[in-house]
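Here is the structure we will look at, set down as structure tokens.
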Amino acid sequence: MDPDVEESRYEHLMLTNDEPQSLELQEIRTIVKRRQSSLAQIDTQLIELLRSVKSVLQLRRREKRVLSRFHCILSPIRRLPRELLVEIFLFSRYWPSETDDFGRTAVGPGCEFSLLSITHVCSEWRRVALTTPALWATIYACHEGYDPTIPRSDPIADEYLQTWLSRSGTRHPLDVTVIGPPNRIPCPISWIEPYIHRLKTLTLEGAVTALPDGSFDMLEMLSIDDYDSHAEVNSDRIFFPSLHRLVLLGSFLSHPLTFVALAQLTHLSLEMDSIFRMSIFLEMLSQSKALVWLEVTLFEDPDVGDAELIRDDERVVMNHLQTLITHTPTTTTSLLPYLTLPALKILNLAYDAWPASIYNSLQSRSSFPLQSLTMMNWRRDVLDPAEFLAILLKLPLLKEFISRNALAIDPTLLHGLTSTSPDGVPDIAPNLEYFGLSVDTQLGIVVDNDLVLEMVASRDSSGKPAITEPNQPPHIRIFRSQLPKRWSDGKLHKFPMKKPWSGSTSESVHICF
């Protein structure tokens with residue numbers, strides 16, 4: 001019987017809780033048995049169909065795998081020339097910087113273990129990666145835990161180091177960083193001897209043994225953080241014919257800087273942890289005629305004379321120096337009076353009281369085309385805005401200014417930076433692109449955003465209103481014109497002023513014109 005007919009016959013029972021009659025009860029039991037049998041038949045058919053579907057699905061998955069393999073054979077990446085595949089490998093790796101501020105040129109991507117993932121894709125990729133020396137040319141040998149009583153702590157037993165070295169080829173330039181233990185038990189570095197002719201950059205940190213004898217023909221940059229323990233560099237058995245960039249930390253008392261021809265240096269960074277006679281240092285600078293970058297940390301020399309009594313013939317004229325960085329107030333007040341810097345473009349000064357007469361004298365005799373000025377105040381008293389604006393008036397080419405607790409954002413400063421010219425050309429620092437300030441919030445000087453926006457808008461020749469960047473972290477404010485000069489791909493360039501250290505009470509203010 002049709003199920004619908006059966007349901008309609010007993011609808012009065014389905015829609016109620018009435019008890020069925022005896023005759024109805026017998027008929028309903030017959031219907032239940034028949035329907036159970038029918039359902040069992042359907043289940044049997046369904047099981048057979050599911051088995052068939054499962055079999056078909058398995059067949060489909062197999063065909064899909066086979067098809068995928070044939071598609072891989074036709075994939076364009078299989079037709080890439082080896083040279084292009086190498087470029088992809090290099091591009092996909094992490095490069096700290098192709099050229100950092102010190103002029104250091106990368107020889108390859110950074111040393112990272114994720115590089116090994118390339119070698120596990122397929123045999124061809126592995127072959128290409130293992131025969132591309134540039135991928136393995138940056139060597140990071142950290143042996144801070146070196147202990148001569150533990151053989152496996154010796155660099156010779158370092159499997160990763162030996163693997164990287166073996167894969168770097170036989171001719172590709174190398175960038176090697178060696179980190180020894182912080183104690184006075186030096187870690188051996190004799191393992192670099194077979195590679196000294198290929199070293200382009202060498203960084204020595206911590207306690208390490210003497211450099212091997214020989215000529216470091218390709219070495220362009222050398223960094224040593226314990227210069228006094230490396231007397232061997234001044235011997236007549238080690239040569240650095242191509243050295244241009246030098247970073248040294250030490251006292252320089254036991255052996256002064258004699259191992260390199262100073263005239264060939266273009267970049268020099270010195271951190272002296274003891275009193276160093278200024279006369280010796282000036283003699284070094286007078287020989288360093290090719291310097292374009294100088295970064296110095298000095299302790300005070302008791303024999304430094306009065307800045308106002310220094311004769312012109314006592315000063316060193318550095319015609320090519322473009323960047324000068326002083327890290328301590330003593331360095332600033334001791335060194336600047338002895339220099340004349342006609343080509344200076346970047347100046348970073350640390351001080352505890354703004355050395356107005358020293359700076360003004362340097363600026364007057366140098367007439368430098370300064371483009372970037374960083375002032376780092378070691379004390380909490382800020383520079384008078386009028387005095388700062390007077391500095392800017394003499395720097396028409398300035399593009400970038402950074403203040404580390406040197407200035408407070410107050411109405412006087414903003415008024416001085418506001419342009420009153422009808423053609424939109426600023427009266428002070430017309431080429432200024434970036435103004436960054438790190439301000440101590442404990443000074444209690446708070447300026448409304450509107451005053452900053454008015455100043456920025458006044459310097460914008462388009463006449464459009466300035467903008468405050470929304471959704472910034474605490475203690476960070478960013479102001480910009482509608483289309484800042486440091487703007488590309490719809491976003492601002494990376495700010496040159498670094499973030500304050502964790503726990504600092506400073507507020508960072510970035511202004512982009």
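Numbering-wise (the UniProt record's numbering), the sequence shown opens with residue 1 and increments by one.
Ideal placement from N, C-alpha and C gives every residue a C-beta, glycine not left out.
Given residue i as reference, the closest of the options once Cα atoms are compared
| i | options | result |
| --- | --- | --- |
| residue 533 | Gly250, Ser288 and Ala406 | Nothing can be reported for residue 533, as the shown portion of the chain is limited to 1 through 513. |
| Arg29 | Ala40, Arg51 and Glu6 | Glu6 |
| Ala207 | Asp228, Met218, Leu344 and Leu417 | Asp228 |
| Val121 | Ser481, Ile77, Ser364 and Leu57 | Ile77 |
| Ala261 | Glu83, Phe276, Glu205 and Ile238 | Ile238 |
| Ile511 | Ser403, Val425 and Phe299 | Ser403 |
| Ile88 | Arg69, Ile118 and Leu161 | Ile118 |
| Ala429 | Leu392, Thr170 and Leu453 | Leu392 |
| Leu90 | Leu115, Leu67, Cys72 and Pro81 | Leu115 |
| Leu270 | Leu25, Cys72, Ser223 and Ser286 | Ser223 |
| Ser235 | Met218, Asp158, Thr258 and Leu219 | Thr258 |
| Ile476 | Leu492, Ser508 and Arg486 | Ser508 |
| Leu291 | Ser52, Leu46, His320 and His230 | His320 |
| Phe299 | Leu344, Leu285, Arg69 and Met272 | Met272 |
| Ile73 | Arg61, Glu124 and Thr323 | Glu124 |
Contacting residues, own chain, Cβ-Cβ under 6 Å from residue i (five flanking each side not counted)
| i | result |
| --- | --- |
| Leu414 | Leu451 and Met455 |
| Pro465 | Ala457 |
| Val247 | Ser223 and Ser269 |
| Phe435 | Phe401 and Ile511 |
| Pro133 | Ser168, Gly169 and His172 |
| Leu85 | Val128 |
| Ile310 | Pro337 |
| Tyr146 | Ser153, Pro181 and Cys187 |
Integer-rounded CB distance, given that residue j should sit under 8 Å from residue i
| i | j | result |
| --- | --- | --- |
| Pro173 | Glu193 | Between Glu193 and Pro173 the Cβ distance is about 17 Å, and since that is not below 8 Å, they are no contact. |
| Ser506 | Asp440 | 6 Å |
| Glu400 | Gln371 | 7 Å |
| Leu135 | Val176 | About 15 Å separates the two Cβ atoms, so there is no contact after all. |
| Thr163 | Cys187 | That pair is no contact at about 19 Å. |
| Leu130 | Arg167 | 6 Å |
| Thr138 | Gly108 | 5 Å |
| Ile196 | Gly214 | 5 Å |
| Ile358 | Pro337 | 6 Å |
| Leu373 | Leu347 | 5 Å |
| Thr297 | His327 | 4 Å |
| Arg380 | Asp352 | With a Cβ gap of about 10 Å, Arg380 and Asp352 do not count as contacting. |
Identified DSSP bridge partners for residue i
| i | result |
| --- | --- |
| Met272 | Gly250 |
| Lys512 | The residue you asked about is not Lys; residue 512 is Cys in the sequence shown. Its beta-bridge partners are Tyr434 and Arg480. |
| Trp487 | Leu492 |
| Glu205 | Ile179 |
| Ile224 | Leu204 and Leu248 |
| Ser215 | Phe239 |
| Val316 | Leu339 |
| Thr468 | Phe479 |
| His267 | Arg245 and Trp293 |
| Val439 | Glu507 |
| Leu199 | Leu174 |
| Cys187 | Val208 |
| Glu400 | Ser372 and Tyr434 |
Same chain only: Cβ atoms within 8 Å of residue i, ignoring 5 sequence neighbours per side
| i | result |
| --- | --- |
| Lys394 | Gln363 |
| Pro151 | Ala157 |
| Asn17 | none |
| Ser367 | Pro342 |
Cutoff 7 Å; reference residue i; Cβ partners in own chain excluding five residues on either side
| i | result |
| --- | --- |
| Glu469 | Ile478 and Arg480 |
| Ile31 | Glu6 |
| Ser438 | Ser403, Arg404, Asn405, Met497, Pro500, Ser506 and Ser508 |
| Pro20 | Leu13 and Ile28 |
Residue i beta carbon near the ligand ZN (any heavy atom closer than 8 Å)
| i | result |
| --- | --- |
| Lys200 | Looking for the ligand ZN in the displayed structure turns up nothing, as the structure carries no ligands at all. |
At 4 residues or longer, and completely inside the segment 80 to 168: list those alpha helix (DSSP H) runs for me, N to C.
82 to 92, 123 to 130 and 159 to 167
Any beta strand (DSSP E) of 3 or more consecutive residues that is wholly inside the segment 20 to 63
none
Quick one: complete beta strand (DSSP E) runs, 3+ long, within the segment 335 to 389?
346 to 351 and 372 to 377
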